[in-house]
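Asker: Residues in the sequence shown are numbered consecutively from 1, following my numbering. C-beta: ideal position from N, C-alpha, C; glycine also. Structure below; questions to follow.
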Amino acid sequence: MPRRTVWHLLVFALVSVLSAAACSGSPGRGARPARAAAPPASGPYQGLGTWVDVYDFLPAFQRVGDIPAVTVYSVADMARLGVRTLYLQAAQDDPRSAGDIVDTGRVGDLLVAAHGAGMKVVAWYLPHFADVNADLRRVLALHDFRVGNQRFDAIALDIEWTRDVPDPVVRNARLVDLSRRMRQTLPGVALGAIVYPPVLLDVVNPALWPGFPWKQLVPFFDVWLPMSYWTLRAPSSPYHDAARYTTDNIAGVRAAVGAPAAVVHPIGGIADVSSARDVEGFVRAARAGGSTGWSMYDFDTTHSDEWPRLRGQAD
1 MPRRTVWHLL
11 VFALVSVLSA
21 AACSGSPGRG
31 ARPARAAAPP
41 ASGPYQGLGT
51 WVDVYDFLPA
61 FQRVGDIPAV
71 TVYSVADMAR
81 LGVRTLYLQA
91 AQDDPRSAGD
101 IVDTGRVGDL
111 LVAAHGAGMK
121 VVAWYLPHFA
131 DVNADLRRVL
141 ALHDFRVGNQ
151 RFDAIALDIE
161 WTRDVPDPVV
171 RNARLVDLSR
181 RMRQTLPGVA
191 LGAIVYPPVL
201 LDVVNPALWP
211 GFPWKQLVPF
221 FDVWLPMSYW
231 TLRAPSSPYH
241 DAARYTTDNI
251 AGVRAAVGAP
261 AAVVHPIGGI
271 ADVSSARDVE
281 GFVRAARAGG
291 STGWSMYDFD
301 TTHSDEWPRL
311 RGQAD
């Protein structure tokens, strides 16, 4: 979910203004579900997380004169704030990337610091699907990355890029192919799918990613991480409500994959334009929906007064 992708999403937020009248549906609302039993593979995704993308921590991705907002010293703050897992964009399909790993030195420093603070680290990558072999190569680089005896605890695929392969049929086929090859190559790795939320795909903007292959992806991923960004919904939409949007997206993911006990970790946001009420509603809905964990996008934009609420401790 790099910055450029957030701006890409903001374009789609405009669609919701025109679709507000169609947003009265509420998939999956009803009795409070039991907490989904989390398989061992989901361990790194449990509890409170936070997100860091390449625009947060790499000099090569800064505007001229800017310095990265997140450094190795930020990790101690994350741990102090109660973060259990750092979600780190460690690979990127971009000419500014130093290689398959965006910057081995800085990535390694963050990995070691996070482990030293008792945190897990999930490395994530945004595939463009133009070259599935190259996408797979970068994912495997995440798996092979080491600093001494330290390695990433899990890997997540950020499934949202549509520009390079505009045909959804071709894009879906490449997504399924990449996911299958990831699972075949990394049988013991906890794989997460960072996905557009079902309400966005089914109700707000069905043209965004038609026919998203939910059930075809089920064999390949252990955890589903819907990007439940209520701040990107129009103020007039019922889905601008953090609790409702989160509730419906958790239920929607489980319905889409055909698994009532599917392991879900909702991502809320965007943090710097969320209210205290939003954050409290988000955490309440995540817990009520039996989520294995939750997080807000992203660390740099999360205000200090939001952290107690993210821990479930309202002021």
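Use the C-beta contact count for residue 92: other C-beta atoms within 10 angstroms, 16 or more gives buried, fewer gives exposed.
Answerer: It counts as buried.
Asker: Flag this pair as yes or no: are the beta carbons of residue 57 and residue 106 separated by less than 8 Å?
Answerer: Going by C-beta atoms, residue 57 is nearer than 8 Å to residue 106.
Asker: According to the Cβ coordinates, are residue 290 and residue 265 closer than 8 Å?
Answerer: No; because the gap between Cβ atoms is not below 8 Å, this pair is not in contact.
Asker: Check the DSSP bridge columns for residue 158 and list the partner residues they point to.
Answerer: Per DSSP, 194.
Asker: On the premise that residue 52 lies in contact with residue 113, defined as a C-beta separation below 8 Å, what is that separation, rounded to the nearest angstrom?
Answerer: At roughly 12 Å, the Cβ-Cβ gap does not stay under 8 Å, so residue 113 and residue 52 are not in contact.
Asker: Between residue 264 and the ligand FMN, is there a pair consisting of the residue's CB and a ligand heavy atom that are separated by less than 7 Å?
Answerer: For the structure depicted, the ligand FMN is absent and the ligand set is empty, with no information on it obtainable.
Asker: Got a sec? Which residues, its chain only, sit under 6 Å from residue 312 by beta carbon, not counting five neighbours each side?
Answerer: So the list reads 283, once near-sequence residues are dropped.
Asker: Identify whether residue 50 lies in helix, strand or coil by the three-state DSSP scheme.
Answerer: The answer is strand: DSSP assigns residue 50 an E or B state.
Asker: Please report how far the alpha carbon of residue 111 lies from the alpha carbon of residue 146, in whole angstroms.
Answerer: About 9 Å.
Asker: I'd like the list of long-range same chain contacts for residue 240, defined as Cβ closer than 8 Å, with 5 residues on each side in sequence excluded.
Answerer: Once the five neighbours on either side are set aside, the close Cβ partners of residue 240 are 230, 231, 233 and 234.
Asker: Taking 7 Å as the limit between beta carbons, can you name the residues of its chain near residue 159, skipping five residues before and five after?
Answerer: 175, 193, 194 and 195.
Asker: In terms of residues, what are the limits of the alpha helix (DSSP H) holding residue 214?
Answerer: First-last of the alpha helix (DSSP H) with residue 214: 214 to 217.
Asker: For the beta strand (DSSP E) that residue 101 lies in, which residues bound it at each end?
Answerer: Looking at the DSSP string, residue 101 is not in any beta strand (DSSP E), and its letter there is neither H nor E.
Asker: Kindly give me the distance between the Cβ atoms of residue 228 and residue 197, rounded to whole angstroms, as I take these residues to be in contact under 8 Å.
Answerer: Right, the Cβ-Cβ distance comes to about 5 Å (below 8 Å), so this counts as a contact.
Asker: Is the Cβ-Cβ distance between residue 299 and residue 50 less than 8 Å?
Answerer: It is a contact, given that the beta carbons lie within the stated cut-off.
Asker: Looking only at its own chain, which residues have a Cβ that is under 6 Å from the Cβ of residue 64, when we skip the five neighbours before and after it?
Answerer: Once the five neighbours on either side are set aside, residue 64 has no close Cβ partner at all.
Asker: Less than 8 Å between the CB atoms is what I'm expecting for residue 295 and residue 125, so what's the real figure, rounded?
Answerer: At roughly 17 Å, the Cβ-Cβ gap does not stay under 8 Å, so residue 295 and residue 125 are not in contact.
Asker: Let me confirm a value: residue 303 is counted as buried when at least 16 other C-beta atoms fall within 10 Å, else exposed. Which label applies?
Answerer: Its Cβ having fewer than 16 others within 10 Å, residue 303 is exposed.
Asker: Among 172, 281 and 82, which one has its Cα closest to the Cα of residue 243?
Answerer: Comparing Cα-Cα distances from residue 243 to each of 172, 281 and 82, the minimum goes to 281.
Asker: Please list, in chain order, all residues of the same chain as residue 256 whose beta carbon is under 6 Å from its beta carbon, the five residues on each side excluded.
Answerer: Correct list, in chain order: 198 and 214.
Asker: Count the other CB atoms within 10 Å of the CB of residue 237; is the residue buried (16 or more) or exposed (fewer)?
Answerer: Burial call: buried.
Asker: Which residues does DSSP list as the beta-bridge partners of residue 122?
Answerer: Residue 122 pairs with 87 and 154.
Asker: Quick check: the Cα distance between residue 109 and residue 115, rounded to an integer number of angstroms?
Answerer: Approximately 10 Å, taken between the alpha carbons.
Asker: Should residue 185 go down as buried or exposed, given a rule of 16 or more other Cβ atoms within 10 Å for buried?
Answerer: Counting Cβ neighbours within 10 Å, residue 185 comes out exposed, since fewer than 16 surround it.
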